[in-house]
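Throughout the sequence shown, residue numbering follows the working numbering, covering 14 to 392 in sequence.
All C-beta atoms, glycine included, are put in the ideal place defined by N, C-alpha and C.
Keep in mind the model is a prediction, meaning the values are calculated, not measured.
Input: a single structure, listed below in structure tokens.
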Amino acid sequence: MLRAAVDPANDSDPLIRDFYTNWFAADLSVRDLFPPEMAEQRRVFAHALTWLFGELIAQRAEDPITFLAQLGRDHRKYGVTQQHYDSMQSALYGALKARLADRWTDRLAAATRDAVALFIGVMRGAADAEESPAYCDGTVVETHRLTRDVSVIRLQLDEPLFYHSGQYVTVQVPQWPRRWRYLSPAIPSDRSGAIEFHVRSVTGGMVSTAIVNETRHGDRWRVSSPHGALEVNRSGEDVLMVAGSTGLAPLRALIMDMTLHAENPRVHLFFGGRFPCDLYDLKTLWTIASTNPWLSVTPVSEYSTDPPWARDYPDPTPPRGLHVRQTGTLADVVTRYGNWGDRQILICGGPQMVEATKAALIAKGAPPERIQHDPLTAR
Numbered sequence: 014m015l016r017a018a019v020d021p022a023n024d025s026d027p028l029i030r031d032f033y034t035n036w037f038a039a040d041l042s043v044r045d046l047f048p049p050e051m052a053e054q055r056r057v058f059a060h061a062l063t064w065l066f067g068e069l070i071a072q073r074a075e076d077p078i079t080f081l082a083q084l085g086r087d088h089r090k091y092g093v094t095q096q097h098y099d100s101m102q103s104a105l106y107g108a109l110k111a112r113l114a115d116r117w118t119d120r121l122a123a124a125t126r127d128a129v130a131l132f133i134g135v136m137r138g139a140a141d142a143e144e145s146p147a148y149c150d151g152t153v154v155e156t157h158r159l160t161r162d163v164s165v166i167r168l169q170l171d172e173p174l175f176y177h178s179g180q181y182v183t184v185q186v187p188q189w190p191r192r193w194r195y196l197s198p199a200i201p202s203d204r205s206g207a208i209e210f211h212v213r214s215v216t217g218g219m220v221s222t223a224i225v226n227e228t229r230h231g232d233r234w235r236v237s238s239p240h241g242a243l244e245v246n247r248s249g250e251d252v253l254m255v256a257g258s259t260g261l262a263p264l265r266a267l268i269m270d271m272t273l274h275a276e277n278p279r280v281h282l283f284f285g286g287r288f289p290c291d292l293y294d295l296k297t298l299w300t301i302a303s304t305n306p307w308l309s310v311t312p313v314s315e316y317s318t319d320p321p322w323a324r325d326y327p328d329p330t331p332p333r334g335l336h337v338r339q340t341g342t343l344a345d346v347v348t349r350y351g352n353w354g355d356r357q358i359l360i361c362g363g364p365q366m367v368e369a370t371k372a373a374l375i376a377k378g379a380p381p382e383r384i385q386h387d388p389l390t391a392r
């Protein structure tokens with residue numbers, strides 16, 4: 014019943030809206046933690062609650078606890094305090110009670126109280142126990158517009174940010190305060206505080222479009238603590254990597270990290286874009302592959318030729334040495350070579366590409382448990 018009440022498929026937006034309205038009314042300081050436009054925030058929160066209640070119903074506690082603990086640690090970057098958790102708990106319980114008033118019983122009240130207390134308690138406890146900084150600030154030192162919709166942004170952080178290659182962070186830029194966007198560092202963690210991001214402007218994406226079009230030298234960014242668990246087991250099987258557009262960034266960081274070791278499993282990377290000109294980082298990949306024989310790179314583009322506007326940007330064609338560029342979608346091209354079921358499989362890119370490629374590999378016989386990708390809502 015609780016899961017159905019918060020499920021967006023059941024028109025839960027009035028309930029979620031009431032929750033935020035009541036929370037903001039009970040604690041005026043909370044409103045300043047959120048962006049002016051709340052539609053996306055409400056949507057994400059409703060989906061998260063739906064998943065959490067579903068996992069509890071299925072008696073699967075491990076993943077929800079891990080998720081809530083990370084959420085609590087991450088929310089420190091917004092300035093969330095213990096007082097905010099108190100008012101949030103009351104507001105969420107009250108919104109659920111109002112929504113289910115016609116079915117409210119002592120048993121349902123107890124279940125609601127226990128579930129909400131669990132959610133808030135895990136977040137509160139994880140936030141309180143975390144000793145690392147909630148975020149670090151940095152200055153933009155380089156920007157490079159590589160295609161019509163992709164820019165490379167390099168920052169110098171005030172303090173080093175320690176993360177594992179393959180993880181992602183959230184960033185806040187001066188053009189859009191209080192709106193955080195997920196980005197993956199494209200280089201391994203650097204002791205000097207250097208960090209690099211590859212950003213693609215997404216249609217309708219206000220933050221990504223502002224980053225690509227408006228980022229300037231000297232801008233101050235805020236970068237959160239890292240998330241994610243993409244990894245390569247260097248003592249395990251050979252590796253298949255599939256990258257769509259700027260989904261290359263975390264895989265590139267993993268590959269760069271692997272170059273620091275003498276022995277590695279073989280890695281075959283398929284790097285795809287819509288047009289050949291979208292394969293913006295082929296020269297870097299060629300440089301790495303030319304000195305690391307365990308790495309093979311196959312470029313992939315959906316169209317065989319470039320559009321006229323591509324002439325306005327640097328030619329991304331690498332010297333000879335990579336595999337011949339293939340034409341088609343990543344899902345189609347990758348599965349032409351088989352199901353890759355004996356590999357560690359990592360897929361990064363837009364949600365549609367990730368879903369399509371994962372489904373195509375599984376349909377060919379690849380074991381789902383071998384396939385890694387970040388949460389699709391995070392990309």
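Option nearest Val-163 by Cα separation, candidates Ile-200, Ser-317 and Ala-262: Translated into positions along the sequence shown, residue 163 becomes position 150. Of the listed residues, the one whose Cα sits closest to Val-163 is Ala-262.
Determine whether the beta carbon atoms of Glu-315 and Thr-340 lie at a separation below 9 Å. By one-based count along the sequence shown, residue 315 stands at place 302. By one-based count along the sequence shown, residue 340 stands at place 327. One thing to note: Glu-315 has its Cβ within 9 Å of the Cβ of Thr-340.
Alpha carbon to alpha carbon, how far is Ala-18 from Met-101? Counting from 1 along the sequence shown, the entry for residue 18 is found at position 5. Counting from 1 along the sequence shown, the entry for residue 101 is found at position 88. Distance between Ala-18 and Met-101, taken at the CA atoms: about 18 Å.
Run through DSSP, which three-state label would Leu-374 get? The residue labelled residue 374 in the question sits at position 361 within the sequence shown. Of the three classes helix, strand and coil, the one that applies to Leu-374 here is helix, per DSSP.
Cβ shell of Ser-221 (< 7 Å), same chain only, five flanking positions each side left out: Counting from one through the sequence shown, the residue named residue 221 turns up at place 208. Within the same chain, Ser-221 has close Cβ partners Arg-194, Val-212, Arg-213, Ser-214 and Val-215.
Val-154 to Gln-169 span [Cα, whole Å]: Working through the sequence shown from its first residue, we reach residue 154 at position 141. Working through the sequence shown from its first residue, we reach residue 169 at position 156. For Val-154 and Gln-169, the distance between alpha carbons rounds to 7 Å.
Asp-8 versus Asp-232, Leu-109, Met-254 and Pro-289, residue with shortest Cα-Cα distance: Because the chain is modelled from 14 through 392, residue 8 falls outside the range shown and cannot be assessed.
Can you check which of these residues, Asp-319, Leu-174 and Thr-94, is closest to His-240 by C-alpha distance? As a position in the sequence shown, residue 240 is number 227, starting the count at 1. Nearest option by C-alpha distance: Leu-174.
What first and last residue would you give for the beta strand (DSSP E) that runs through Glu-209? Within the sequence shown, the letter at position 196 stands for residue 209. Secondary structure note for Glu-209: its beta strand (DSSP E) is the uninterrupted segment 207-213.
Excluding sequence positions up to five away, which residues of its chain have a Cβ less than 7 Å from the Cβ of Ala-242? Counting from one through the sequence shown, the residue named residue 242 turns up at place 229. Within the same chain, no Cβ atom closer than 7 Å to the Cβ of Ala-242 is found once the five residues on either side in sequence are excluded.
Straight-line gap, Arg-86 to Val-236 (C-alpha atoms, nearest Å): Looking up residue 86 in the sequence shown gives position 73. Looking up residue 236 in the sequence shown gives position 223. Roughly 14 Å between the two C-alpha positions.
If contact is defined by three or more beta carbon pairs under 8 Å, each pair taking one atom from either stretch, is the stretch 271-281 in contact with the stretch 305-325? The stretch 305-325 is in contact with the stretch 271-281.
One question on the structure: do Leu-335 and Leu-298 come within less than 9 Å of each other, judged by their Cβ atoms? On the sequence shown, position 322 is the one that residue 335 refers to. On the sequence shown, position 285 is the one that residue 298 refers to. Cβ atoms of Leu-335 and Leu-298: closer than 9 Å.
Starting from Arg-233, follow its DSSP beta bridges and name the residues at the other end. As a first step, residue 233 must be located in the sequence shown, where it is residue number 220. Bridge pairing for Arg-233: Thr-152 [DSSP].
Suppose you measure from the CA of Asp-355 to the CA of Tyr-176; what does that come to, to the nearest Å? As a working mapping, residue 355 is identified with position 342 in the sequence shown. As a working mapping, residue 176 is identified with position 163 in the sequence shown. In a straight line, the C-alpha of Asp-355 is about 28 Å away from that of Tyr-176.
Do you know how far the Cα of Asp-31 is from the Cα of Trp-117? Residue numbering aside, residue 117 sits at position 104 when the sequence shown is read from its first letter. Residue numbering aside, residue 31 sits at position 18 when the sequence shown is read from its first letter. Cα-Cα distance, rounded: 18 Å.
If you draw a straight line from the C-alpha of Arg-167 to the C-alpha of Trp-234, how long is it? Numbered from 1 along the sequence shown, position 154 holds the residue referred to as residue 167. Numbered from 1 along the sequence shown, position 221 holds the residue referred to as residue 234. Spanning the two alpha carbons is a distance of roughly 11 Å.
Where Asp-164 sits in the DSSP three-state scheme: On the sequence shown, residue 164 is found 151 positions in, with the first residue counted as 1. The question names Asp, yet the displayed sequence has Ser at residue 164. DSSP places Ser-164 in the strand class (E or B) of the three-state scheme.
I need the straight-line Cα distance from His-230 to Thr-156, nearest angstrom please. Here residue 230 refers to the residue found at position 217 of the sequence shown. Here residue 156 refers to the residue found at position 143 of the sequence shown. So the alpha carbons of these two residues sit roughly 7 Å apart.
Per DSSP, which residues does Ser-314 bridge with? Please list them. Indexing the sequence shown from 1 puts residue 314 at position 301. According to DSSP, Ser-314 bridges with Gly-286 and Thr-340.
For the alpha helix (DSSP H) holding Thr-34, just list the boundary residues, first then last. By one-based count along the sequence shown, residue 34 stands at place 21. DSSP places Thr-34 inside the alpha helix (DSSP H), whose first and last residues are 26-39.
Compare the C-alpha of Gly-351 against each of Gly-179, Pro-388 and Thr-370 and name the closest. On the sequence shown, residue 351 is found 338 positions in, with the first residue counted as 1. The candidate whose alpha carbon is nearest that of Gly-351 is Thr-370.
Nearest-angstrom Cα distance between Asp-291 and Ala-147? As a position in the sequence shown, residue 291 is number 278, starting the count at 1. As a position in the sequence shown, residue 147 is number 134, starting the count at 1. One C-alpha to the other measures close to 34 Å.
Within 10 Å of its beta-carbon, does Gly-257 have 16 or more other beta-carbons around it, so buried, or fewer, so exposed? Looking up residue 257 in the sequence shown gives position 244. Around the beta-carbon of Gly-257, 16 or more other beta-carbon atoms lie within 10 Å, marking it buried.
On the criterion of 16 or more Cβ atoms from any shown chain inside 10 Å, does Gly-249 qualify as buried, or is it exposed? Sequence index remark: in the sequence shown, residue 249 carries index 236 (1-based). Around the CB of Gly-249, fewer than 16 other CB atoms lie within 10 Å, so the residue is classed as exposed.
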